[in-house]
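Residue numbers (the numbering used here): 404 to 530.
Using N, Cα and C, we set each Cβ at its ideal position, and we do this for glycine too.
To start, the structure itself, in structure tokens.
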Amino acid sequence: MINLLLIALGGAIGASLRFLTGKAAIKLFGMHEVLTGTVFANIAGCLFAGTLLGLVSVEQLLNQTSILFLTIGILGSLTTFSTFILEAYQIGKASAPKLLTYLFLQLFVALLATVAGYGFIHFLNSA
């Protein structure tokens, strides 16, 4: 139960950071088409995720509860992209073909699913 509460707390922190990142990006760059809060949140999240991965793999400084709070909680709410990149890194270390399959599913199939969902709503709306 404590893990669930810590994940929820981390999620609240991550969501707040995501909101503030978006506001900061608008303040710094205006309503830019590329330099969005999402870009900065994803890059910051990946930097944070890589740092955590390094801490765990080299020094093993974090216990399982801390890892849940930081990764699933804060990072999971700040950006799911960092989780995607961490998973891709782990899979890629083990197998290049599995990495290509993973990337294909995450990028191409997910994009097709988005197009399908969009098309489905427009189909229903035109009926």
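Contact belief for residue i with residue j at Cβ below 8 Å, rounded distance in angstroms
i: leucine 456; j: leucine 489; result: 6 Å
i: leucine 471; j: leucine 515; result: Contact doesn't hold; Cβ gap of about 32 Å is too wide.
i: glycine 425; j: glycine 440; result: 3 Å
i: phenylalanine 487; j: glutamine 509; result: 6 Å
i: threonine 474; j: asparagine 406; result: The Cβ separation is near 12 Å, so there is no contact.
For residue i, the first and last residue of its enclosing alpha helix (DSSP H)
i: valine 442; result: 440–457
i: alanine 519; result: 513–529
i: isoleucine 475; result: Careful: isoleucine 475 lies outside any alpha helix (DSSP H) and carries neither H nor E.
i: phenylalanine 484; result: 484–497
i: phenylalanine 432; result: 405–432
i: glutamine 467; result: 467–470
Alpha carbon of residue i to alpha carbon of residue j, nearest angstrom
i: glutamate 462; j: glycine 453; result: 13 Å
i: serine 466; j: leucine 458; result: The sequence as given places asparagine at residue 466; serine does not occur at that position. The straight-line gap from Cα to Cα measures roughly 11 Å.
i: alanine 497; j: alanine 418; result: 32 Å
i: phenylalanine 485; j: glycine 479; result: Per the sequence presented here, residue 485 reads as serine, with phenylalanine not at that position. Cα to Cα, serine 485 sits roughly 8 Å from glycine 479.
i: isoleucine 429; j: valine 518; result: 28 Å
i: glycine 520; j: serine 529; result: 14 Å
i: methionine 434; j: phenylalanine 443; result: 14 Å
i: glycine 448; j: glycine 476; result: 12 Å
i: proline 500; j: alanine 491; result: 12 Å
i: glutamine 493; j: leucine 503; result: 12 Å
i: methionine 404; j: alanine 411; result: 11 Å
i: threonine 482; j: phenylalanine 451; result: 11 Å
i: valine 512; j: leucine 423; result: 31 Å
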